[in-house]
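Protein chains in written order, with the working numbering: chain A, 119 to 464; chain B, 250 to 732. Working notes, beginning with the structure itself.
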Amino acid sequence: MNAPDFRNNGFIRRPLKLVWMQSGGCGGCTLSLLGAEGPDLITSFEAAGIEVLWHPSLSELSGREASSLLERVRSGEEPIDIFCLEGSVMRGPGGTGRFHIMSGTNEPVMAWIEDIAQKARYVVAVGSCAAYGGITAAGDNHVEACGLSYDGEHAGGLLGGGFRSRAGMPVINIAGCPIHPAWLIEVLHLIGTNRFTTSDIDEWERPLAYTTHLVHHGCARNEFYEFKASAEKLCDRGCMMENLGCKGTQARADCNIRAWNGSGSCIDGGYPCINCTAPGFEEPGHSFTMTPKISGIPIGLPTDMPKAWFVALAALSKAATPSRLRDNATAQQLKAPLPNRQKKQS
Amino acid sequence: MSRIIVGPFNRVEGDLEVKLDISGDAVRQAFVVSTLYRGFERILNGKAPADALVFAPRICGICSVSQSVAAAKALAAAGGVAIPDNGALAVNTIHATENIADHLTHFYLFFMPDFARATYAQEPWYEAVADRFTAIKGTATADMLPARAQFMHIMGILAGKWPHTLSIQPGGTTRSVAPNEIARLSAILAGFRRFVERSLLGDKPERVIALKNRDELAAWAEERRPQSSDFRLFLHVSKALELEALGNSGARFMSYGAYAHGDAYLFPPGVWHNDRVLPVNLDDVSEDMSHAWYDQPNVPEHPFDGTTFADALRGDAYSWCKAPRLGGAVVEVGALARQVVAGHPLIRDLVQSAGGNVHSRVVARVLEIALVTIAMQDWVRKFHPGETFCHHGDLPDACRGVGLTEAARGALGHWLKVSNGKIANYQIIAPTTWNFSPRDASDTPGALEQALVGAPVRPGETEPVSVQHIVRSFDPCLVCTVH
Numbered sequence: 119m120n121a122p123d124f125r126n127n128g129f130i131r132r133p134l135k136l137v138w139m140q141s142g143g144c145g146g147c148t149l150s151l152l153g154a155e156g157p158d159l160i161t162s163f164e165a166a167g168i169e170v171l172w173h174p175s176l177s178e179l180s181g182r183e184a185s186s187l188l189e190r191v192r193s194g195e196e197p198i199d200i201f202c203l204e205g206s207v208m209r210g211p212g213g214t215g216r217f218h219i220m221s222g223t224n225e226p227v228m229a230w231i232e233d234i235a236q237k238a239r240y241v242v243a244v245g246s247c248a249a250y251g252g253i254t255a256a257g258d259n260h261v262e263a264c265g266l267s268y269d270g271e272h273a274g275g276l277l278g279g280g281f282r283s284r285a286g287m288p289v290i291n292i293a294g295c296p297i298h299p300a301w302l303i304e305v306l307h308l309i310g311t312n313r314f315t316t317s318d319i320d321e322w323e324r325p326l327a328y329t330t331h332l333v334h335h336g337c338a339r340n341e342f343y344e345f346k347a348s349a350e351k352l353c354d355r356g357c358m359m360e361n362l363g364c365k366g367t368q369a370r371a372d373c374n375i376r377a378w379n380g381s382g383s384c385i386d387g388g389y390p391c392i393n394c395t396a397p398g399f400e401e402p403g404h405s406f407t408m409t410p411k412i413s414g415i416p417i418g419l420p421t422d423m424p425k426a427w428f429v430a431l432a433a434l435s436k437a438a439t440p441s442r443l444r445d446n447a448t449a450q451q452l453k454a455p456l457p458n459r460q461k462k463q464s
Numbered sequence: 250m251s252r253i254i255v256g257p258f259n260r261v262e263g264d265l266e267v268k269l270d271i272s273g274d275a276v277r278q279a280f281v282v283s284t285l286y287r288g289f290e291r292i293l294n295g296k297a298p299a300d301a302l303v304f305a306p307r308i309c310g311i312c313s314v315s316q317s318v319a320a321a322k323a324l325a326a327a328g329g330v331a332i333p334d335n336g337a338l339a340v341n342t343i344h345a346t347e348n349i350a351d352h353l354t355h356f357y358l359f360f361m362p363d364f365a366r367a368t369y370a371q372e373p374w375y376e377a378v379a380d381r382f383t384a385i386k387g388t389a390t391a392d393m394l395p396a397r398a399q400f401m402h403i404m405g406i407l408a409g410k411w412p413h414t415l416s417i418q419p420g421g422t423t424r425s426v427a428p429n430e431i432a433r434l435s436a437i438l439a440g441f442r443r444f445v446e447r448s449l450l451g452d453k454p455e456r457v458i459a460l461k462n463r464d465e466l467a468a469w470a471e472e473r474r475p476q477s478s479d480f481r482l483f484l485h486v487s488k489a490l491e492l493e494a495l496g497n498s499g500a501r502f503m504s505y506g507a508y509a510h511g512d513a514y515l516f517p518p519g520v521w522h523n524d525r526v527l528p529v530n531l532d533d534v535s536e537d538m539s540h541a542w543y544d545q546p547n548v549p550e551h552p553f554d555g556t557t558f559a560d561a562l563r564g565d566a567y568s569w570c571k572a573p574r575l576g577g578a579v580v581e582v583g584a585l586a587r588q589v590v591a592g593h594p595l596i597r598d599l600v601q602s603a604g605g606n607v608h609s610r611v612v613a614r615v616l617e618i619a620l621v622t623i624a625m626q627d628w629v630r631k632f633h634p635g636e637t638f639c640h641h642g643d644l645p646d647a648c649r650g651v652g653l654t655e656a657a658r659g660a661l662g663h664w665l666k667v668s669n670g671k672i673a674n675y676q677i678i679a680p681t682t683w684n685f686s687p688r689d690a691s692d693t694p695g696a697l698e699q700a701l702v703g704a705p706v707r708p709g710e711t712e713p714v715s716v717q718h719i720v721r722s723f724d725p726c727l728v729c730t731v732h
């Protein structure tokens, strides 16, 4: 491995210029990002050497001031380093892009995205919508929503699977619905120090920094999982894999290692992981809070474990489940505390 | 008469374009255009009813919990599920956290930066405002973002995460609270209250909510210098620019009622018209599509029977926003509507003296931050650890229900029909659908379209700054508007 380049203290000296656009999404990734902590978002941008040329929620520039800036970016007159897209690309109806017109221009936003992506050194898809199509592509997808270089699980999308930005990188997919603020900020910081390369992304071009983990890792319900002590209803304390659709053992993200909003995660909030960092999560083929089963065995087992082994181990561990876990698994509140093994009763 | 098109209109949630006809020194006519269509009502058709709780919050990243609450209430009404005391307290606490965070985001990041524009550089107050509120660089952003993020730790405890929680269910919440977590919630609220007192108000929230009329508000503002708090600085600028005369609207204001607990509300529902409160009659709600890009029905549709078939090529339409009407009339919704209906004396006085305007809309929001912070401190003390947070029930295969709530920016309703165990129709009318509605069949403009008429144009302006203030005073959310 080469030693990192510490010249200039690791930083590119000039600020990195960032342009952010939104299309077929909800703005939730920006709102999540505003919750960045240790430090706050603006300080994080400064630390990463980022200058925000334009962001729809943050910038003063509005109307013609904004569209003429974006026009200069589009023509290349105003060079940019990072282009972030939040929300799906809206191709409908019939490929015209008229479901999302760029305000003040009468031109589909799709066309602006395509042109500006060609000018940026790095292109970042913020959230599962911009990456793969996401929630907006659910149902029959009559709006023809897609991601920057994916259409669901298929390479393609607006820019094509072979797209490479000026720095030679594919679209970097910060998948998630929404993103965790730190997932994006870390990538921006690494780009700012010239240390983000193709070896830092997984097979769906998501940063390995968070997708090298399973949501299962660090799940506070692991003891219930070990003994297959399962929750039956939402708000029960047990493992939600067997009955309630939880995909934590298959979903790739560090949600139970890296706290959300100070201390939380979906599972900590009492509801199942819906695998929102994966392409196609919006159409799981079953109700989100119900585990599909064949002969009573969940279909979606851990990805790299032989099924027969899983079934055998599950049967064994179920037989060995302490009553404490069995009772707590189907309770809203702690019913049976840990047993006392050491202290002598007087 | 000259036509200008203002867009992209940023520092609003979602995508907005405003067409203005200007002559002389004022706007004569306005057309408000929602430019993005995603089709959530179509996505929801055919889904398992419970899956609405996954899709609905994702309509909007800023009103995410409000969308969850409306969906959960529609399901609860359809299934006849009651909510336990703890569940109601938890839902209200989660919802209030979002609504108050949204008010803060609006005030600090979306609305105030317009007064730091160079066009005001000669004003005596400019330096103080620019120092505090310049977009991205102002000191207020640096103060507010950490306070907001810490406040959102309430979501980490009660809702798993924000936005897009699945903790809000028809019968309560999925997350029980332990006694130590009540202590943590109280501590977070104490920290947030400190920010409200020191930075936003420069006073105790109890004093601000006790102000009874515009004279008392003016006297309170004069007690200390404008720079002593962000609200005082706003009031100073508002007086200097006469924001009370800007963006006038308002024959009717509507609220569905906020923070329900049993049969009671912290802010009760109603329609304010001709100086009195009338009940909201849901049979009177309809959506007109004569100027919206959809297949046009023969008559405006009640949302239970509403349709959403996009037609991007309709030449007589100009927005993806439908035109909701109450008994055929335009209504304004939002914090101002909520407080005038609920009967706060200061807001009643402001509305009776000058109607809805840029000044009164912003005052109502700041007042709500104070009111709701106090209420939240009370709610978290009332949790009963050890008792249930959630009831469960089965949804009949055929049923229907409406879920009404108040998002930060106003009245939000979901109309749900289930048949054969699947969603058969799902219609959403969001706050900004009311406020930013296009014209209806009788060519009556929507609330913002009316409020923009008469907006002054300063010498040398092509895109009037007054329009920026008026549009943002509604705290619009365009992703909710069209959905």
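For each residue, glycine too, the CB sits at the ideal point set by N, CA and C.
Compare the C-beta of residue i with all C-beta atoms of chain A and state if any pair is closer than 7 Å.
i, result
"N335(B)", "no"
"V728(B)", "yes"
"D392(B)", "no"
"H355(B)", "no"
"D300(B)", "yes"
Mind listing the chain A neighbours of residue i? Cutoff is C-beta to C-beta under 9 Å, in chain order.
i, result
"E712(B)", "S180, G181, R182, E183"
For a contact meaning CB atoms closer than 7 Å, what does residue i contact in chain A?
i, result
"K410(B)", "W378, N379, G382, S383, C384, G387"
"I292(B)", "A256, G257"
Suppose the cutoff is 8 Å on Cβ atoms and the five residues either side in sequence are ignored; what does the same chain contact list for residue i look like?
i, result
"N379(A)", "G153"
"T622(B)", "I349, L438, F441, R442, V445, P454"
"H640(B)", "V330, A331, I332, P333, G336, G420, G421"
How long is the line joining the alpha carbons of residue i and residue j, rounded to whole angstroms?
i, j, result
"Q140(A)", "V261(B)", "12 Å"
"R563(B)", "I437(B)", "51 Å"
"H485(B)", "A470(B)", "8 Å"
"Q588(B)", "R447(B)", "24 Å"
"I297(A)", "D363(B)", "29 Å"
"E617(B)", "Q626(B)", "14 Å"
"K571(B)", "T329(A)", "41 Å"
"K346(A)", "T315(A)", "40 Å"
"G336(A)", "S383(A)", "11 Å"
"I130(A)", "L358(B)", "Any reading at I130(A) is ruled out, since the residue's pLDDT is 49, under 50, leaving its predicted position unreliable."
"L701(B)", "V607(B)", "11 Å"
"A285(A)", "R239(A)", "5 Å"
"I200(A)", "E323(A)", "16 Å"
"Q278(B)", "W628(B)", "46 Å"
"S177(A)", "I308(B)", "23 Å"
So, at 7 Å on beta carbons, what are the nonlocal neighbours of residue i in its own chain, with the 5 sequence-adjacent residues on each side left out?
i, result
"F281(A)", "S267, P288, V289"
"A379(B)", "A365"
Please list the partners that residue i has in chain B, where partner means a Cβ-to-Cβ separation under 9 Å.
i, result
"V170(A)", "I385"
Beta-carbon of residue i versus every beta-carbon of chain B: anything under 7 Å?
i, result
"V261(A)", "yes"
"Q450(A)", "yes"
"K351(A)", "yes"
"L149(A)", "yes"
"E155(A)", "yes"
With a CB to CB cut of under 6 Å and the five nearest residues on each side skipped, what residues in its chain are close to residue i?
i, result
"P410(A)", "H404, I417"
"K671(B)", "G295"
"P475(B)", "R481, L482, H485"
Around the C-beta of residue i, are 16 or more other C-beta atoms found within 10 angstroms, so that it is buried, or is it exposed?
i, result
"N523(B)", "exposed"
"R132(A)", "exposed"
"E472(B)", "exposed"
"H402(B)", "buried"
"L352(A)", "buried"
Mind pulling the chain B residues with CB within less than 8 Å of residue i?
i, result
"L187(A)", "In chain order: nothing, as chain B lies at least about 10 Å away."
"C295(A)", "R307, H413"
Going along chain B, which residues have a C-beta under 7 Å from residue i?
i, result
"C144(A)", "R307, I308, C309, G310, V728"
"L159(A)", "L394"
Going along chain A, which residues have a C-beta under 8 Å from residue i?
i, result
"G237(B)", "Because chain B in this structure spans residues 250 to 732, residue 237(B) falls outside the shown range and cannot be described."
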